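Participant:
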Amino acid sequence: MTAPTAPTASPRRAHPAGPRPASAGGPTLPRAVAAEWTRLTSLRSSWWAAALTVAVSAVLTYLSAQASSVDPGFDPLGSLTSGLLLAQVPPLVLGVLVGTGEYSTGTFRTTFVAEPRRWPVLVGQTAATAAFALLTAALAVGAAVLALLPSARARGLALDLGRDGTPQVLVGMTLLLAGMALLGLALGALVRRPVPALTAAVLVVLVLPVALVLAADLSGDPLAAPAGVSSAQAAVNTVVTFLPTGAASLLTGEGAVEGAPDLGAVGGGLVLAAWVLVPLALAAVRLRTRDVV
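First residue of the sequence shown? That's 1 in the UniProt record's numbering, and the numbers climb one at a time after it.
#1: Can you tell me where the alpha helix (DSSP H) with Val93 in it begins and where it stops?
#2: Pairing CB atoms from the stretch 49-60 with CB atoms from the stretch 132-149, are three or more of them under 8 angstroms?
#3: Between residue 294 and Ala144, which are expected to be in contact by the criterion C-beta below 8 angstroms, what is the C-beta distance as a whole number of angstroms?
#4: Exposed or buried, which one is Ala178 when buried takes at least 16 other CB atoms within 10 Å?
#5: Locate the alpha helix (DSSP H) running through Ser231, then write down its first and last residues.
#6: Let me know the secondary structure DSSP gives Val285 once reduced to three states.
#7: If I measure Cβ to Cβ from Leu214 and keep anything under 6 angstroms in the same chain, skipping five residues before and after, which residues do I get?
#8: What does the Cβ neighbour count give for Gly99, buried or exposed, with the cut at 16 atoms within 10 Å?
#9: Around the C-beta of Pro167, are 16 or more other C-beta atoms found within 10 angstroms, so that it is buried, or is it exposed?
#10: Count the other CB atoms, across all protein chains shown, that sit within 10 Å of the CB of Pro279; report buried if there are 16 or more and exposed otherwise.
#11: Between Ser79 and the rest of its own chain, which residues show a CB-CB distance below 7 angstroms, the 5 nearest in sequence each way excluded?
#12: Output the boundary residues of the alpha helix (DSSP H) element that contains Glu36.
#13: Is Leu198 buried or exposed, if buried means 16 or more other CB atoms sit within 10 Å of its CB?
#14: Would DSSP call Gly165 helix, strand or coil?
#15: Under DSSP, the alpha helix (DSSP H) around Val70 begins and ends at which residues?
#16: Counting along the chain, where does the alpha helix (DSSP H) carrying Ser151 start and finish?
#17: Thinking just about the alpha-carbon of each residue, which of Thr107, Ala58, Gly95, Val285 is nearest to the one in Leu86?
#18: Distance check for Leu157 and Leu208, CA to CA, integer angstroms please.
#19: What's the C-alpha gap between Val240 and Ala186?
#20: Pick helix, strand or coil for Ser82, following the three-state DSSP scheme.
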């Protein structure tokens, strides 16, 4: 007779652990946005760019208003946008630095290990840059308005910010400065190197419009009597309208240049949005489909 054996427990089948839910501490889009915001606001260069934007906007507007205040028909609000040309440079540089920062320092390897999908990082950078740039732009526009007060008071004039067209100018200035930061970010994320990205941004925003206008002027006959806009100038003006500079003119209520289509403020906003979204989409595709080196 054999001794009875103790019953053995049936072996359990091991089940593979399921994917860890994002809510349990994994990477999520809100966390990516928060991380990029923390990174952006912890950089000294971000605050320098913001301070320069506000300072340039205020100083140039003040100088323009003071110089124009001797005119008999002086309108203080006519100098409101005089500081925009140079005030848009610091946001542009800031965007490039944000877009290329991780590639310059090599920290992208750690970032993309933590977030293998990669695209939330770009979305986080875009959201954080947009928020920071909008706040900076609002301060810069407010500083420009305050810079008009000394010359206006010296002439006994009041600033009527609610008159026709002025609210559009204020909103357009804010959107333009924020858009420049996003354009720099898009080019930086696409090119991934700060010097080429910044060079491309400056060429598109500042150099190309001036070069095209000068080329059109030189192609004409300087001794010929003015007879409207030539076909070459009309073509150049049309091209400039679809550059960020042309979008700036439309956004801030300056209107289209002669011989070019008048897209209005909404059209100018769409042109600027296209300049941001196209390189940003290309950067997302490159990030998704190509190895990061």
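Note that beta-carbon positions come from the ideal geometry of N, C-alpha and C, so glycine has one too. Computed from a predicted structure; not experimentally measured.
Facilitator: The relevant details are as follows:
#1: 89-105
#2: Touching, yes.
#3: With the chain covering 1 to 293 only, the question about residue 294 has no answer from this structure.
#4: buried
#5: 231-241
#6: helix
#7: Result list for Leu214: empty, nothing under 6 angstroms.
#8: buried
#9: exposed
#10: Under this definition Pro279 is a buried residue.
#11: Thr61, Ser64, Ala65, Ser68, Leu148
#12: 29-41
#13: buried
#14: Secondary structure of Gly165 (DSSP, three-state): coil.
#15: In this chain, Val70 is not harboured by any alpha helix (DSSP H), its DSSP state being neither H nor E.
#16: 119-154
#17: Ala58
#18: 38 angstroms
#19: One C-alpha to the other measures close to 20 angstroms.
#20: coil
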